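Using mature numbering (1 follows the signal peptide of the UniProt record, and there is no 0), the letters of the sequence shown correspond one by one to residues -21 to -1, 1 to 182.
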Amino acid sequence: MNLMKYLLSCALLLISCNCFAKFDGLYLSSGLAKSSLTLNGAEIDLDNGLFIKAGYPFMLAPEYYLIVELEYNKLGDYEHHYSNGANYDNTEVEASSIGANLKYQSYLFDTEFYLASILGVHQYSLDLMVDTYSQNTLNGKTITTTITGENSISEVGLSYGVELGYSLPYSLNIAASYTMGRIIANGIGIDFITSQVTLSYVF
């Protein structure tokens, strides 16, 4: 009987240590991101996105938190290389952002699932390179078009979105989020859309 009590006590101790990692302290997050940008009506899908975040929650009430979060996001890059005879098109795009988010987060129906709204201020950086040459014949005349140039854009913009997550054991959280951001550069609006899959560790 004493052995059974000892084993039961050990089991309860292990269970108590295997608690769910709700956001009650400093956390670090990272994961994969898929982003796109829209420039002058043209949508460009970016590849190789990743990010890192650090945040700290302030409890407003049981199960309700206001979170301040810092984020660096490598939104991704895009390359297009095409040639056909004398015609060619080389386009390269690289985008990133760094900024702060304010998140209002609440756990749903006394479960480990949570929902958060996100409002952010970010410095967006965008590098563009275009080198295009084309020849077309119209009414017996040859029309030549050449576009060559590079440009670097850095502007502050607002972002907003939503996040759905789940608190796991061992100080881990997993989440999926969807955010939209916008900047104005030289009178032209540039829109960013980002989907993230996030793994967080709570200290």
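Yeah, the Cβ is synthetic: ideal placement off N, Cα and C, and Gly gets one too. Predicted model only: the values in this text are computed from it and were never measured.
For residue 10, which residues from the same chain have a beta carbon less than 8 Å from its beta carbon, with the 5 sequence-adjacent residues on both sides left out? 29, 30, 175, 176, 177, 178
What are the start and end residues of the beta strand (DSSP E) that includes residue 18? 6 to 18
Going by C-alpha to C-alpha distance, which of 3, 4, 103 sits closest to residue 163? 103
So residue 42 and residue 86 are supposed to be a Cβ contact under 8 Å. How far apart are they, rounded? Contact between residue 42 and residue 86 is confirmed by a C-beta separation of about 4 Å, below the 8 Å threshold.
Throw me the rounded Cβ distance for the residue 45 and residue 83 pair, which I believe falls under 8 Å. In this structure residue 45 touches residue 83 by the C-beta definition: roughly 6 Å separates them, less than 8 Å.
Quick check on this structure: which residue in 136, 157, 137, 109 has the alpha carbon closest to the alpha carbon of residue 144? 157
For residue 160, the nearest candidate out of 34, 134, 106, 112 (CA to CA): 134
Ordered list of beta strand (DSSP E) runs contained in the region 36 to 70, each at least 3 residues: Fully enclosed beta strand (DSSP E) runs of 3 or longer: 43 to 63.
Where residue 101 falls, given that 16 or more other Cβ within 10 Å makes a residue buried: buried
Can you list the beta strand (DSSP E) stretches of 3 or more residues lying completely in the region 143 to 178, in chain order? 151 to 164
For the ligand COA, any of its heavy atoms closer than 7 Å to the Cβ of residue 59? Among the components of this structure there are no ligands whatsoever, and the ligand COA is therefore not found.
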